[in-house]
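S.K.:
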């Protein structure tokens, strides 16, 4: 290795992209934020990670609320089998 390197003509390389996360500003109730921070302390995860996980779960099809239409469809299918 050289003792000194000349970077005077150097150029910056490409910046590595972060894995698809976007910085936003959001207003949360104080008690909600406190609960997530407490849970983060207990689990060893960051509170923002826990909020992100909760939002992802709420958007999944498995967590969709049971509507009257869905209940009718299930009952109709079950009664047809019986």
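Numbering (our numbering), first residue to last: 16 to 97.
Where is the CB? At the ideal position from N, CA and C, for every residue including glycine.
Remember, predicted model here, so these are calculated numbers, not experimental data.
1) Just checking, does the region 40-51 make contact with the region 60-73 on the three C-beta pairs under 8 Å criterion?
2) With a cut-off of 8 Å on the beta carbons, I'd call residue 62 and residue 52 a contact; round off their distance for me.
3) At what residue ranges does the region 29-64 contain a whole run of the alpha helix (DSSP H), taking only runs of 4 or more?
4) Hey, how far is the Cα of residue 109 from the Cα of residue 16?
5) What would DSSP say about residue 87, mapped onto helix, strand or coil?
M.R.: In short:
1) yes
2) 5 Å
3) 45-58
4) In the structure as shown, the chain begins at 16 and stops at 97. Residue 109 is therefore absent and cannot be evaluated.
5) helix
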